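Below: one structure, written as structure tokens.
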Amino acid sequence: MPAPSFSQSVAERLQVRRLVVFGPFLALGLVLVVLWALVLWFALLYPKSLVEDLQDDLHGIALNATQDTEQLLRETEGSLRTLDLLLLTRRNERQDLDATVSLLADSLRDNSRGITDVMLASADGRLWRIPSVTGEPYVDLGAKSFLSELGRPSAPSIVLGAPIRLRPGAHLVLPMATRLSAPTGPFTATVGFIDLDALLRLYRTRSMRSGMAVLLERDDGVAMARWPEVPGLIGTNMRQVPGGEVLPPSPPASGQFMVTQSPADGRDRIVSYRVLQDYPLRLFVSFERDRILAGYLQQRRAVLGFSLLVTVIAVGLMAWFTRLQQRARLREAEREATADASPMGLFRCDLQGRTVYANETYLRLLEVDRRDLAWGWLDRLPASERELTREQWAALVAVGEPLDRVRQLTRRDGTEMLVRLRMRPMRLGGRIVAHAGTIADISAELAARRERERSQAVMGAMAQSVNVMMLAVDTDERVLFCNKAFERRFDIPEKSGLGRLASEVFGDLYPAVHPLIERAFAGETSVVEMRDDDGISRPMPLDGEDRGETRYVELTYAPLVTDDGTIIGAYGVARDVTDVKQEQMRLLKASNTDPLTELLNRAGFASQVNAALGRATDRDELVALLYLDLDRFKPVNDEYGHPVGDALLQAVAGRLRHALRPQDLVARIGGDEFAVFLTHVAKPVDAQVVADKLVHALTMPFRIGALELHIGTSVGFCVQWARQADIDELVTQADEQLYRAKRAGRGRSSGNLCAERKPAQAQAPSDSAWPGAGSPRGMGDPSRTPKPHSGPTEIS
Numbered sequence: 001m002p003a004p005s006f007s008q009s010v011a012e013r014l015q016v017r018r019l020v021v022f023g024p025f026l027a028l029g030l031v032l033v034v035l036w037a038l039v040l041w042f043a044l045l046y047p048k049s050l051v052e053d054l055q056d057d058l059h060g061i062a063l064n065a066t067q068d069t070e071q072l073l074r075e076t077e078g079s080l081r082t083l084d085l086l087l088l089t090r091r092n093e094r095q096d097l098d099a100t101v102s103l104l105a106d107s108l109r110d111n112s113r114g115i116t117d118v119m120l121a122s123a124d125g126r127l128w129r130i131p132s133v134t135g136e137p138y139v140d141l142g143a144k145s146f147l148s149e150l151g152r153p154s155a156p157s158i159v160l161g162a163p164i165r166l167r168p169g170a171h172l173v174l175p176m177a178t179r180l181s182a183p184t185g186p187f188t189a190t191v192g193f194i195d196l197d198a199l200l201r202l203y204r205t206r207s208m209r210s211g212m213a214v215l216l217e218r219d220d221g222v223a224m225a226r227w228p229e230v231p232g233l234i235g236t237n238m239r240q241v242p243g244g245e246v247l248p249p250s251p252p253a254s255g256q257f258m259v260t261q262s263p264a265d266g267r268d269r270i271v272s273y274r275v276l277q278d279y280p281l282r283l284f285v286s287f288e289r290d291r292i293l294a295g296y297l298q299q300r301r302a303v304l305g306f307s308l309l310v311t312v313i314a315v316g317l318m319a320w321f322t323r324l325q326q327r328a329r330l331r332e333a334e335r336e337a338t339a340d341a342s343p344m345g346l347f348r349c350d351l352q353g354r355t356v357y358a359n360e361t362y363l364r365l366l367e368v369d370r371r372d373l374a375w376g377w378l379d380r381l382p383a384s385e386r387e388l389t390r391e392q393w394a395a396l397v398a399v400g401e402p403l404d405r406v407r408q409l410t411r412r413d414g415t416e417m418l419v420r421l422r423m424r425p426m427r428l429g430g431r432i433v434a435h436a437g438t439i440a441d442i443s444a445e446l447a448a449r450r451e452r453e454r455s456q457a458v459m460g461a462m463a464q465s466v467n468v469m470m471l472a473v474d475t476d477e478r479v480l481f482c483n484k485a486f487e488r489r490f491d492i493p494e495k496s497g498l499g500r501l502a503s504e505v506f507g508d509l510y511p512a513v514h515p516l517i518e519r520a521f522a523g524e525t526s527v528v529e530m531r532d533d534d535g536i537s538r539p540m541p542l543d544g545e546d547r548g549e550t551r552y553v554e555l556t557y558a559p560l561v562t563d564d565g566t567i568i569g570a571y572g573v574a575r576d577v578t579d580v581k582q583e584q585m586r587l588l589k590a591s592n593t594d595p596l597t598e599l600l601n602r603a604g605f606a607s608q609v610n611a612a613l614g615r616a617t618d619r620d621e622l623v624a625l626l627y628l629d630l631d632r633f634k635p636v637n638d639e640y641g642h643p644v645g646d647a648l649l650q651a652v653a654g655r656l657r658h659a660l661r662p663q664d665l666v667a668r669i670g671g672d673e674f675a676v677f678l679t680h681v682a683k684p685v686d687a688q689v690v691a692d693k694l695v696h697a698l699t700m701p702f703r704i705g706a707l708e709l710h711i712g713t714s715v716g717f718c719v720q721w722a723r724q725a726d727i728d729e730l731v732t733q734a735d736e737q738l739y740r741a742k743r744a745g746r747g748r749s750s751g752n753l754c755a756e757r758k759p760a761q762a763q764a765p766s767d768s769a770w771p772g773a774g775s776p777r778g779m780g781d782p783s784r785t786p787k788p789h790s791g792p793t794e795i796s
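With our numbering, the residue at position 456 of the sequence shown is 456, and numbering never jumps.
Put into structure tokens, the structure is as follows:
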């Protein structure tokens, strides 16, 4: 290691000499500093310590007085609860006259420490003493008294009123009211009255020093009690007195403060307060400030003579400063740790715009090294924009206005990010000394927004391209969206329907659609089918062609729901289902029609007979059921073959349709068996006329190609009033009459005609009257015994 040079050693010796020379002066200056520091401490800090000591005493007094007050209030509340429990067992209309209740009330008055009286109260402010000798209210406080608070939905179960006098010249009492668990008659609450003098005696024992005062105040600022008493103060709202609102709306449970010119007596006071835990009250204990500092001035003059205390005070001050520095360093370390843990970048810049502080999030987000902290963030901008941006940034900082902007930056890897910058000026004594702000990466938010826009674009394109009408409305029934198919259907210019009411868009169709929208608002999904000829809709050719035929539209309306389940509107979809409907009708017709004769088959005949019988029942008319069985058909079929037999059956079907009315039902229910159901029968014998007409029509020869064929038919029928008709019984009778006609020689008719009405029967038609494969002719088992019946007249 090289030896130090001569010049360095000389310099070090000169420094030591200067220290030795100027050391005493520095020591003397230190003594003077300590001396004046002592004077300043005694002048500024010592009075504060006196105040703090007094505040500690006031705090203890306030704590004890609060406990005494809470104990008295809890005893009163317990008494009222006891009375409420007794009233639950004494469910009389006039509980104020109940002897047991009166006995308990007298016991509470005599044995409770602070209660002077107990009464029952109504919601309109009337009070009844227990017992009520006359049954009339003891006092009426009015409808707007403190008792009205118990009727509010969110009101507490206990209410404290302002001190009152129950009679002129009586002592002030503090009313406490509790809501009855089971109100009876006019009584809704019990009220206990606390002797205000007893409460003041508690405070008097706590405030033994001259200049001390105790004030009990309700949360809304009403003065409830004070010792020493101040005339006119009790019942006054202190918040309405100038300088009386000394606490914030929701103060801490306890605290201290100083008040200048107290609203109670106009003196400067040091105050300690506590908030009662279970009651809306605050208790203030105060002391006159001037009485504390009365002997301080003399002590301050004597301090200057105690020069020997200078050194001790200096050491104490140095130790005190050392502790302060340690605390300051701790707070700074905590502040830096908190800033580094923040998810947002935090920074501070000087008045020239240079960044002088940044947390770790800022450095990581902008990829800045601390050595380049001042302007390192400019590297995240294109090189061509950096100088201009630097000048603009310096200009914005110089203006000193709050800044809130979004800017796109580029990372070192070339990817882009979107950041939000917020900056506010830091003021000291009204002067801007620096600027502080935050920076956050909102690239994820941007990506989510783009994804949402992409999804909306895709869904919009799909909605616009489909050949289905779509509509969305808000809860005010204003159009939020409608696609092109909807606009074409209702002749709406593109996007001009947005914001319009649904009633304006639908026009005459709105009464039909409105119930569906209302059900969607209620959370229900509705699917209905409309046709253009039922007065609900009109043709809706979604493919642009109006083919002049009946169109069917399926409407679906459902609620428009957010992710959290909130209904914000409704949406509807209209789809042309004409082709599907026509195919359904074709299949239905095929399932109900005989393919050879195009008459109804057994299933179609049963279905339409049930419907026709229901209509005939409503009109109270006669109906008739006819069964036909062809004579000599089997020989024709055996001799000439099935083609000739099929052609003959088709010819028979044609003659039957020609012989009957359009509203009459005719069906082929078996190989050579037919059935006819007549409605609008004027009189019973008309069925015989129709049966004979059919026998005659089928007796005439049939020409099938070059063949002339002769067959016939036998007819069995029955006639009955529709209200009395039973399908099973009609089938049985017609079946029986058909066999009767065949046994009589074929080529004839036989039937039953009703002679008189039976009592009305409410029997629903059933398909069981139309048997299946169990009967070879589809009309029941010939071997079965027919049901006996009476009333009709047989004709053959």
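The C-beta atom is built at its ideal place from N, Cα and C for all residues, glycine as well. Fair warning: this is a prediction, and the values are worked out from it, not measured in the lab.
Query                                                                                                                                                                                : Result
Go through the segment 363-435 residue by residue and report every complete run of the beta strand (DSSP E) that reaches 3 residues or more, in order.                               : 403-410 and 416-428
Residue ranges of each alpha helix (DSSP H) run of no fewer than 4 residues wholly in the segment 634-721, ordered along the chain?                                                  : 642-659 and 685-699
Rounding to the nearest angstrom, what Cα-Cα distance links Thr69 and Ala339 in this structure?                                                                                      : 47 Å
Taking the Cβ atom as the reference point for each residue, do Leu486 and Leu471 lie within a distance shorter than 7 Å?                                                             : This sequence places Phe at residue 486; Leu is not what is there. Yes, they are a contact pair.
Residues bridged to Leu283 by DSSP?                                                                                                                                                  : Leu216 and Arg274
Between Arg478 and Leu501, is the Cβ-Cβ spacing less than 7 Å?                                                                                                                       : yes
By DSSP, does Thr556 sit in helix, in strand, or in coil?                                                                                                                            : strand
Should the segment 569-582 be called in touch with the segment 550-559, which here means at least 3 C-beta pairs below 8 Å?                                                          : yes
Between the segment 94-104 and the segment 129-144, do three or more beta carbon pairs fall short of 8 Å?                                                                            : yes
My output table needs one value for Pro183: the three-state DSSP class, helix, strand or coil.                                                                                       : strand
Here's a check: name, in chain order, each residue in its chain whose Cβ is nearer than 8 Å to the Cβ of Asp265, leaving out the five neighbours to either side.                     : Ala213 and Val230
Out of Ala65, Gln650 and Val690, which one is the CA nearest neighbour of Leu199?                                                                                                    : Ala65
Decide if Thr134 is buried, meaning its Cβ has at least 16 other Cβ atoms within 10 Å, or exposed.                                                                                   : exposed
Taking the Cβ atom as the reference point for each residue, do Arg405 and Leu381 lie within a distance shorter than 7 Å?                                                             : no
Classify Gly169: buried if its beta carbon has 16 or more other beta carbons within 10 angstroms, exposed otherwise.                                                                 : exposed
Considering only their Cβ atoms, is the gap separating Thr475 from Gly572 smaller than 7 Å?                                                                                          : no
Among Ile492, Met426, Thr100 and Asp56, whose alpha-carbon lies nearest the alpha-carbon of Gly437?                                                                                  : Met426
Cα separation between Pro527 and Thr566?                                                                                                                                             : In the sequence under discussion, the amino acid at residue 527 is Val, which differs from the Pro named in the question. Taking the straight line joining both Cα atoms gives about 22 Å.
Who does Phe146 pair with in a DSSP beta bridge?                                                                                                                                     : Answer is none; Phe146 lacks a bridge partner.
Would you kindly work out how many angstroms separate the C-alpha atoms of Ala43 and Ser49, rounded to a whole number?                                                               : 11 Å
Label Gly185 either buried or exposed according to how many other C-beta atoms from any shown protein chain fall within 10 Å of its C-beta, with 16 as the threshold for buried.     : exposed
Using CA atoms only, rank isn't needed, just tell me which of Ile292, Val466 and Glu75 is closest to Arg575.                                                                         : Val466
In three-state DSSP terms, what is Thr205?                                                                                                                                           : helix
Pick out whichever of Ala616, Gln352 and Glu77 has its Cα sitting closest to the Cα of Val719.                                                                                       : Ala616
Could you have a look at Leu351 and say whether DSSP puts it in helix, strand or coil?                                                                                               : coil
So what does Asn237 bridge to, in DSSP terms?                                                                                                                                        : Val222
For Ile115, which three-state DSSP category applies?                                                                                                                                 : strand
What alpha helix (DSSP H) runs, 4 residues minimum, are completely inside the segment 449-516?                                                                                       : 484-489 and 502-506
Once the 5 residues before and after Asp84 are set aside, which same chain residues still bring their CB inside 8 Å of it?                                                           : Thr178, Leu180, Ser181 and Thr190
State buried or exposed for Leu542, treating a residue as buried only when at least 16 other CB atoms are found within 10 Å of its CB.                                               : Legend: pLDDT at Leu542 = 39, less than 50; position of this residue unreliable, value from coordinates given subsequently. So Leu542 ends up on the buried side.
Might you give, ordered along the chain, the residues of its own chain that have their beta carbon closer than 7 Å to the beta carbon of Arg218, omitting 5 neighbours on each side? : Leu160, Met224, Pro280 and Leu281
Pull up the distance between the alpha-carbon of Arg723 and that of Asp620, whole angstroms please.                                                                                  : 6 Å
Buried or exposed: where does Thr76 fall if 16 or more other Cβ atoms within 10 Å of its Cβ makes it buried?                                                                         : buried
Secondary structure at Asp110, three-state DSSP: helix, strand or coil?                                                                                                              : helix
Could you please give the first and the last residue of the uninterrupted beta strand (DSSP E) stretch that includes Gln724?                                                         : Per DSSP, Gln724 belongs to no beta strand (DSSP E) and is neither H nor E.
Going straight from the alpha carbon of Arg269 to that of Leu30, what length do you get?                                                                                             : 39 Å
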